[in-house]
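Q: In this text, residue positions in the sequence shown follow our numbering: the first is 330, and each later residue adds one.
Virtual Cβ for every residue (Gly too), placed ideally from N, Cα, C.
It should be emphasised that the depicted structure is a prediction, and the values quoted were computed from it without experimental measurement.
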Amino acid sequence: MSPRSRMGELEQAVLEALWDLDVSGRSGRSEGSDAPGASGREVHDRLAGRDLAYTTVMTVLDRLARKDLVVRQRDGRAFRYAPRLTRAAMTAELMHEALEGTRGDREQALVSFVGEASVEDLAALRRALDDLS
330 MSPRSRMGEL EQAVLEALWD LDVSGRSGRS EGSDAPGASG REVHDRLAGR
380 DLAYTTVMTV LDRLARKDLV VRQRDGRAFR YAPRLTRAAM TAELMHEALE
430 GTRGDREQAL VSFVGEASVE DLAALRRALD DLS
């Protein structure tokens, strides 16, 4: 089972917040900390529009760490959390799992996927295939 398929909606939102914090250049580093990742407080602040308790965010971060979807590192008395995989790597895992589930219809699944891809996605696929050649 892929990482995303075993996550609930709130777990996905917390993981998205971690990715966003990393991409935004904040990298989750609070003042006085050189550790990578984000603190529970920073993740909670990022999810402010969801009206979640801080303890709920911490519970979800703990679950994600137990599922090995985030890396937890001690930073003083607290922990910092970082996604184990990039967004792209996790999406690739999900796509591989979906293809594995097709068994004998793998080629047809690929044809169907490509047949519904946008012009931009097809261009990206062509570039990726060219890079592999």
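Where does Gly-405 land, buried or exposed, given buried means 16+ other C-beta within 10 angstroms?
A: Under this definition Gly-405 is an exposed residue.
Q: Go through its chain and collect everything with a Cβ distance to Leu-481's Cβ below 7 Å, but skip five positions before and after it.
A: This structure cannot settle anything about residue 481, because the visible part of the chain is limited to 330 through 462.
Q: Expressed to the nearest angstrom, what Euclidean distance is found between the alpha-carbon atoms of Arg-403 and Arg-409?
A: Roughly 6 Å separates the two Cα atoms.
Q: In whole angstroms, what is the alpha-carbon distance linking Asp-459 and Glu-449?
A: Straight-line Cα distance between these residues: approximately 15 Å.
Q: How far does the alpha helix (DSSP H) with Arg-395 in it extend, from its first residue to its last?
A: Element bounds for Arg-395: 383-395.
Q: So what does DSSP say about Arg-355, is it helix, strand or coil?
A: Reliability of the predicted coordinates at Arg-355 is poor, the pLDDT of 45 falling under 50, and no value is obtained from them.
Q: Any idea if Met-424 is buried or exposed, counting beta-carbon neighbours within 10 angstroms, 16 or more meaning buried?
A: Under this definition Met-424 is an exposed residue.
Q: Does DSSP put Ser-368 in a helix, in a strand, or in coil?
A: Strand, per DSSP.
Q: Excluding the five sequence neighbours on either side, which residues of its own chain have a C-beta within less than 6 Å of the C-beta of Arg-401, listed in chain order?
A: Answer for Arg-401: Ala-394, Phe-408 and Tyr-410, listed in chain order.
Q: Residues in its own chain within less than 8 Å of Thr-415 by CB, not counting five upstream and five downstream?
A: Trp-348.
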